[in-house]
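Each residue of the sequence shown is one higher than the one before, starting from 770 at the first, in this note's numbering.
Note that beta-carbon positions come from the ideal geometry of N, C-alpha and C, so glycine has one too.
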Amino acid sequence: MIRCERRAELEIETPHLCATVRTEGYVSGIKSRSFVDKRTGATDLGSGLHIMDFLLVPGWGDGAPNRISDGNVPKHIVEGPQICTRARRLDYEVIRGEAFLAVRQWFTFTHVVEGFQAGSRWEQTLLFLPDTRYMLSCERITCVNSADCLFYRIDMPGHLHHKGGDTFTRIYLSYQGYIESSEFLTDFPPDDGFLYQRKKDDIPDRIIRAYEQRKADGTSVWLAGMTLDPADVYEAWCHQRGYVCFIQELHGRKVTAGDTIGAAYVVGYFDSVDEMNAVYDQYRGVRSIAVDENGYTLLDRVEEADGI
770 MIRCERRAEL
780 EIETPHLCAT
790 VRTEGYVSGI
800 KSRSFVDKRT
810 GATDLGSGLH
820 IMDFLLVPGW
830 GDGAPNRISD
840 GNVPKHIVEG
850 PQICTRARRL
860 DYEVIRGEAF
870 LAVRQWFTFT
880 HVVEGFQAGS
890 RWEQTLLFLP
900 DTRYMLSCER
910 ITCVNSADCL
920 FYRIDMPGHL
930 HHKGGDTFTR
940 IYLSYQGYIE
950 SSEFLTDFPP
960 DDGFLYQRKK
970 DDIPDRIIRA
980 YEQRKADGTS
990 VWLAGMTLDP
1000 ADVYEAWCHQ
1010 RGYVCFIQEL
1020 HGRKVTAGDT
1030 IGAAYVVGYF
1040 DSVDEMNAVY
1050 DQYRGVRSIA
1060 VDENGYTLLD
1070 RVEEADGI
């Protein structure tokens, strides 16, 4: 059974997980420190999970880059505001089925740069199942602008807060390998280490980004975010800027007004990288989730928005 209490926040509990979804304040995804693995007591260690920012295109635009925050990879925002910090409130619905619970929330961008029009629509679905230590999630964005290369930014799985590596032992990036916590003691920009940029002829088999927590009894657990179609990832950061920044950017291709873009994910707890790989392969190629009270379907395409 999956429980959902609607208070100021949506409090969700499955047999294996607890999670909170905020629809006001700092919004999108899962609330910081609320994603609890019942088996181990572990929780997320950052600012939330599957958090949404804004839409971007290549080039610096009119703004001066922040070297530590953004490195020397030219890009700028074309549609906003940043949803997590400035949307302030999201419309949402809770969909409950026989063996699942889904939260769907959405927002229409209102701020644009010159040459673009406001009105692109973002929609996120979080899907909770009764028998897993992870959730499935996705987003889709219906674009009202055309661009030669449009991408959007999320946190995946979510930023990792620490002081001198005290909260985690190591990071695993499927396209990089294992990275010890000692690599994140001083700040460095995203293009100075562990940066992933999509190459047309060299798409990895999987995109998995995870960090390991060591429990007091000596056991460990991994919190992972998996993008289920590796070709959807345009760029992915894993750098230190007071915390480990897990920004990920998606699509990075031409769009025409009216196009719908997006991606799908697994976010949750695992005992090993082998277990992550097995779950990834179970869902490999999923790009969106269709859901109503009659059930849900995992799709290998991004469906057009249904005009909520």
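- The Cβ neighbour count for residue 908, taken over all protein chains shown within 10 Å, is at least 16; the residue is labelled buried.
- Residue 880 and residue 888 have their C-alpha atoms some 9 Å from each other.
- Contact annotation: residue 990 and residue 904 have beta-carbon atoms that are not nearer than 8 Å.
- Secondary structure within the region 825-867: the alpha helix (DSSP H) runs of 4 or more consecutive residues, fully enclosed, are 836-839 (chain order).
- Residue range 1042-1052 is occupied by the alpha helix (DSSP H) that includes residue 1044.
- Shortest Cα-Cα distance from residue 938 to any of 779, 984, 893, 956 involves 984.
- Residue 995 counts as buried, since at least 16 other C-beta atoms from the protein chains shown sit within 10 angstroms of its C-beta.
- Around residue 1028, the same chain offers 911, 912 as residues with beta carbons nearer than 8 Å, after the five sequence neighbours per side are excluded.
- Going by C-alpha positions, residue 885 is about 8 Å away from residue 848.
- A straight-line Cα-Cα distance of about 35 Å links residue 1056 and residue 951.
- Between residue 978 and residue 1045, the C-beta gap is not smaller than 8 Å, which leaves the two residues out of contact.
- If you draw a straight line from the Cα of residue 920 to the Cα of residue 812, it is about 30 Å long.
- Closest in alpha carbon position to residue 1053, among 1019, 1000, 1013, is 1000.
- For residue 924, the enclosing beta strand (DSSP E) covers residues 916-924.
- Under the criterion of beta carbons closer than 8 Å, residue 895 and residue 1048 do not qualify as touching, at roughly 17 Å.
- Every unbroken stretch of the alpha helix (DSSP H) spanning 4 or more residues and falling wholly within the region 983-1060 is given here in chain order: 1042-1052.
- Annotation: residue 1060 to residue 864 spans about 8 Å, alpha carbon to alpha carbon.
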